[in-house]
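Engineer: Let me give you the structure first, and then I'll get to my questions.
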Amino acid sequence: MSTYSVRLSVIIPVARGRTQLLRLVLASLAVQDYPQELWEVIVVSDTPDTKDAERCWHTVLSERLPIRFIWSPKEFRDAGGSSRNFGAKIARNPFLIFLDSDVIVCPETLTFYAEGFTNMPNRVIVGLYHWLRPMVVAPEDVKTRFQEIIEEQLSPLPLEKPKHNIQRDARQPFYEKTSPDVRHSGGYQSYLACLTGNIGIPRKIFWDLSIKGFREDLTHGVDGAFGMSLYRAGYTFSFDKRLVAGHLYHTRGQADQADSDLTHRRLVQLFHSDDSWMGRGISKGG
Amino acid sequence: MPIVSVIVTTYNRARVLGLCLEALARQTVRDFEVVITDDGSSDDTIGIVDSYSDRFPELKYVWQQDRGFRLCAARNNGIAISRGEAMVFIDCDILLGPSAIAAYTKLYKENPDRAIGGYYRYLPPMLIAVNDVRNHWGRIYSGMLPRLNHPHWNPAAFELKDAREAHGQFFLFEDEEKLWPQPFSLLGGNLMIPLHILDEVGWWDEGFVEHGGEDAEMSLRIAERYPFSYSITAGGCHIAHPRQVVTQDGYRVMDKIKAKHPQWFVEGEPIWTTDQWQNFRGRVNV
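Pasting the structure below:
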């Protein structure tokens, strides 16, 4: 399988209130160096708000990419699990890439994913993303000077309030230790590193009976639960540090944060109640 | 989970789609899902979808980029995100009679191993408004035929009758349902195909990018393994439009069908003639 025969479906869930950032991720997809006939984009509006959905659709309409758009005013109420699953159901290509709507990705992203799937067709490929400060970026800038934007945002800054400044991807150690071609063991920590803002997964693994896509009953922690399911099913991750993305920083409300903490505790409870799992996690990831 | 998913295909016909959805909202049963699948509209279709979101227990909208006439791809999008067991396909200019979904549900429960062709008559455009459907749909539908004589209606420009009546007057039977003898009989404007049959014979053939023919081709695939039935109760009316199939398109479509299913054709005979039709009837011989 050569790199240029891998067909990809890029799935982008758009959460409520983040429609304006969708233009940026679509702009960075518009300059991908991977042949356009080999990939498609599926945008799933994750909002009951009509105006948001309409804005999202108008953004999609203005792009000249092979895009499909899904909106279900009644169903999407979770943390993006159901919308990502809808995207995966409708995807036509054998390899799925999930991007958040508020990331910008490097122009070689799809090529790197395709290379990864060519070498390891049964592996989950995890890209990284750095948190960028809140900023105004024009789509044209994303197209023409992606690298400069990332470098500007990653330059040393006074870190009085680190969350509001630059944040390197917390998973950096994984990427430093492994190369794209080296099998990573997975393990206790790697499932937590399986963030779904920039990740690629073969469709047959995504719909494996022991995975069955993302959980749709969580309001937070979908990534962690997904990573745990993959690990428990015996799948492995590959961390590719070439897959650079910038994630535009957004704040969380207090209620969201409290909800997130609860969800995290629930996840830990859920998965760690299984002794065998705990043992595997510690031995491999410790 | 709903038994029936109604998949409505549309393209830049927001007003007519409103009529179609209003007729669906006036059904005698409520437990069905509506999936609106859009072949690339740029009008206010999404606004119409939103205005009906509270009228159905489940409503989804999927849009694909406008790259010409891609009805089959749109229908396949609808199948992919639907949850029902039986797929009812209607065009956005079909106004289903009040008992149509109840009839489809009953027929599917009685025998899930057959496809159902729904009846429709042509209704002149401009003669019906959303409020008519909202307030008097039952009466209008039952008394629809006399309205065909409206002075603004020019029957010469349209097909007045259901095309199938010309080929055997099957709707004149007193029985509501008969085994359907012709392989070309299912019309894409109003029909039901159980999902397991679609999975077995294949979804809509996306190689059909001309107006028409895709339903005939699907019918042949189904006819090789499953019977058809038809139902008058699962009927509706079709807001008429000038025929879009020009002769060249028609021949091109038939060439595709012939190439794919040569076993159904007698070499050297012209298509669509009475003799040919009788030949089909005789061959199936029910």
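Each protein sequence line maps, in turn, to chains P and R. Under the working numbering, the residue at position 22 of the first sequence is numbered 22, and the numbers go up by one with no gaps. Position in the second sequence counted from 1, then plus 1000, gives you the working numbering. A virtual CB, placed ideally from N, CA and C, is assigned to each residue, including glycine. Here the structure is a predicted model, which is why all the values come from computation and not from measurement.
Can you list, in chain order, the residues of its chain whose CB lies under 7 Å from that of P:D49, leaving out five sequence neighbours each side?
Structural biologist: Answer for P:D49: R16, listed in chain order.
Engineer: Considering just the uninterrupted stretch of the beta strand (DSSP E) at P:V244, what are its terminal residues?
Structural biologist: It spans F237 to L248 - the beta strand (DSSP E) in which P:V244 sits, taken as one unbroken run.
Engineer: Since R:Y1061 contacts R:S1041 with CB under 8 Å, what's their CB separation in whole angstroms?
Structural biologist: The Cβ separation is near 10 Å, so there is no contact.
Engineer: Going by DSSP, what residues sit across from R:V1133 in a beta bridge?
Structural biologist: According to DSSP, R:V1133 bridges with nothing at all.
Engineer: Going by other Cβ atoms of all chains shown within 10 Å of its Cβ, with 16 needed for buried, is P:E148 buried or exposed?
Structural biologist: Per the 10 Å Cβ criterion, exposed.
Engineer: Kindly confirm or deny that the stretch 205 to 222 of chain P and the stretch 102 to 109 of chain P touch, where touching means at least three C-beta pairs closer than 8 Å.
Structural biologist: No, the stretch 205 to 222 of chain P does not touch the stretch 102 to 109 of chain P.
Engineer: Give me the Cα-Cα distance between P:K212 and P:R64, rounded to the nearest whole angstrom.
Structural biologist: So the alpha carbons of these two residues sit roughly 32 Å apart.
Engineer: CB R:P1194 to CB R:P1112, shorter than 7 Å?
Structural biologist: Yes, they are a contact pair.
Engineer: How would you label R:Y1251, buried or exposed, when you count the other beta carbons within 10 angstroms and need 16 or more for buried?
Structural biologist: The residue in question, R:Y1251, is exposed, as its Cβ has fewer than 16 Cβ neighbours within 10 Å.
Engineer: Would you verify that the beta carbon of P:E140 is, or is not, closer than 7 Å to some beta carbon of chain R?
Structural biologist: With 7 Å as the cut-off, P:E140 does not count as an interface residue toward chain R.
Engineer: Given that a residue counts as buried once 16 or more other Cβ atoms are within 10 Å of its Cβ, and exposed if not, what is P:G234?
Structural biologist: P:G234 should be labelled exposed.
Engineer: Can you list the alpha helix (DSSP H) stretches of 4 or more residues lying completely in the stretch 69 to 104 of chain P, in chain order?
Structural biologist: Correct list: 81 to 90.
Engineer: Rounded to a whole number of angstroms, what is the C-alpha to C-alpha distance between R:L1127 and R:K1106?
Structural biologist: Near 31 Å, if we compare the C-alpha coordinates of R:K1106 and R:L1127.
Engineer: Measuring only between beta-carbons, confirm whether P:R50 sits less than 7 Å from chain R.
Structural biologist: What sits at residue 50 of chain P in the sequence shown is Thr, not Arg. Chain R contact via Cβ: present.
Engineer: Following the continuous beta strand (DSSP E) through P:G221, name the residue where it begins and the one where it ends.
Structural biologist: From DSSP, P:G221 is part of no beta strand (DSSP E); its letter is neither H nor E.
Engineer: Beta-carbon of R:V1034 versus every beta-carbon of chain P: anything under 7 Å?
Structural biologist: No, R:V1034 does not count as interfacial toward chain P.
Engineer: Helix, strand or coil: which one does DSSP assign to R:E1210?
Structural biologist: R:E1210 falls in the coil class under three-state DSSP.
Engineer: Tell me the DSSP secondary structure of R:F1069 in three-state form.
Structural biologist: R:F1069: coil per DSSP, three-state reduction.
Engineer: Do P:L245 and P:Y129 have their CB atoms nearer than 7 Å?
Structural biologist: At residue 245 of chain P the sequence reads Ala, which differs from the Leu that was named. In contact: P:A245 and P:Y129 (Cβ atoms closer than 7 Å).
Engineer: Once DSSP output is grouped into helix, strand and coil, what is the label at R:S1051?
Structural biologist: Here R:S1051 sits in helix by DSSP.
Engineer: Spatial neighbours of P:V44 within its chain, please: C-beta separation below 6 Å, excluding the five flanking residues on both sides.
Structural biologist: Excluding sequence neighbours, P:V44 sits near P13, I70, S83, F86 and G87.
Engineer: Applying the 10 Å Cβ sphere with the 16-neighbour rule, what's the burial state of R:Y1108?
Structural biologist: Under this definition R:Y1108 is a buried residue.
Engineer: Could you name the residues of the stretch 97 to 108 of chain P whose beta carbon sits closer than 9 Å to any beta carbon of chain C, in the order they occur along the chain?
Structural biologist: The displayed structure is made up of protein chains P and R, and chain C is not among them.
Engineer: Helix, strand or coil: which one does DSSP assign to P:F214?
Structural biologist: Looking at P:F214 - three-state DSSP - the assignment turns out to be coil, as it is neither helix nor strand.
Engineer: Could you have a look at P:F206 and say whether DSSP puts it in helix, strand or coil?
Structural biologist: The answer is helix: DSSP assigns P:F206 an H, G or I state.
Engineer: R:N1149 to R:H1211, Cα distance in whole Å?
Structural biologist: Because the pLDDT at R:N1149 is just 41, under 50, the model does not fix this residue reliably, and the value given afterwards should be weighed accordingly. Near 28 Å, if we compare the C-alpha coordinates of R:H1211 and R:N1149.
Engineer: Can you find a C-beta in chain P that's less than 7 Å from the C-beta of R:A1216?
Structural biologist: Not an interface residue.
Engineer: Would you decide whether R:K1260 is buried or exposed? Buried here means 16 or more other CB atoms lie within 10 Å of its CB.
Structural biologist: Exposed, since its Cβ has fewer than 16 Cβ neighbours within 10 Å.
Engineer: Under the three-state reduction of DSSP, which class applies to R:G1084: helix, strand or coil?
Structural biologist: If DSSP states are grouped into helix, strand and coil, R:G1084 belongs with coil.
Engineer: Which partner residues does P:K143 have in the DSSP bridge list?
Structural biologist: None, per the DSSP bridge assignment.
Engineer: Does the stretch 1067 to 1079 of chain R come within contact of the stretch 1114 to 1125 of chain R, defined as at least 3 CB pairs closer than 8 Å?
Structural biologist: No: fewer than three Cβ pairs fall under 8 Å.
Engineer: Please decide whether P:S72 counts as near chain R, where near means a Cβ-Cβ distance under 7 Å.
Structural biologist: True, the Cβ-Cβ gap to chain R drops below 7 Å.
Engineer: So, does the CB of P:E54 fall closer than 7 Å to a CB anywhere in chain R?
Structural biologist: It does: the Cβ of P:E54 has a partner Cβ on chain R nearer than 7 Å.
Engineer: Which value, in whole angstroms, describes the spacing of the CA atoms of R:H1152 and P:R18?
Structural biologist: Any reading at R:H1152 must be qualified, since the residue scores a pLDDT of 42, below 50, and its modelled position is unreliable; the value itself is stated next. One C-alpha to the other measures close to 49 Å.
Engineer: Can you list, in chain order, the residues of its chain with a C-beta nearer than 8 Å to that of R:A1166? Leave out the 5 residues immediately preceding and following it.
Structural biologist: Residue confidence is low: R:A1166 scores 37 on pLDDT, short of 50, so the model does not pin down where it sits. Its coordinate-derived value is still stated next. Cβ neighbours of R:A1166 beyond the five flanking positions: none.
Engineer: For P:S5, count neighbouring Cβ atoms within 10 angstroms of its own Cβ and tell me buried if that reaches 16, exposed if not.
Structural biologist: Counting Cβ neighbours within 10 Å, P:S5 comes out exposed, since fewer than 16 surround it.
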